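In our numbering, the protein residues as written are 1 to 75.
Written as structure tokens, this is what we have:
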């Protein structure tokens, strides 16, 4: 018996990654994720959390993350 493939939604992240790395899109679309305990990923998460901690960088909405942008020299 062959399992029926469930259609996956095309998200903004997949579109963005398509322009950066089509291979990464394929991996993400098939829910193949990197090893979560990789030391380089942990370092990247730490840098993300500690960089500009007082600035709001974005917010979560159902099924997405929205990044906030500001103009250079702006507040």
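Glycine is no exception: its CB is placed at the ideal position from the N, C-alpha and C atoms. Note that the structure is a prediction, hence the values are computed from the model and not measured.
Cα atoms of residue 62 and residue 11: separation of roughly 12 angstroms, rounded to the nearest angstrom. In the structure shown, residue 15 adopts helical secondary structure according to DSSP, grouped into three states. Look at residue 58 here: in three-state DSSP terms it is strand. Residue pairing by DSSP places residue 64 opposite 61 in a beta bridge. Where residue 39 is concerned, the enclosing alpha helix (DSSP H) starts and stops at 39 to 50. Going by C-alpha positions, residue 65 is about 22 angstroms away from residue 37.
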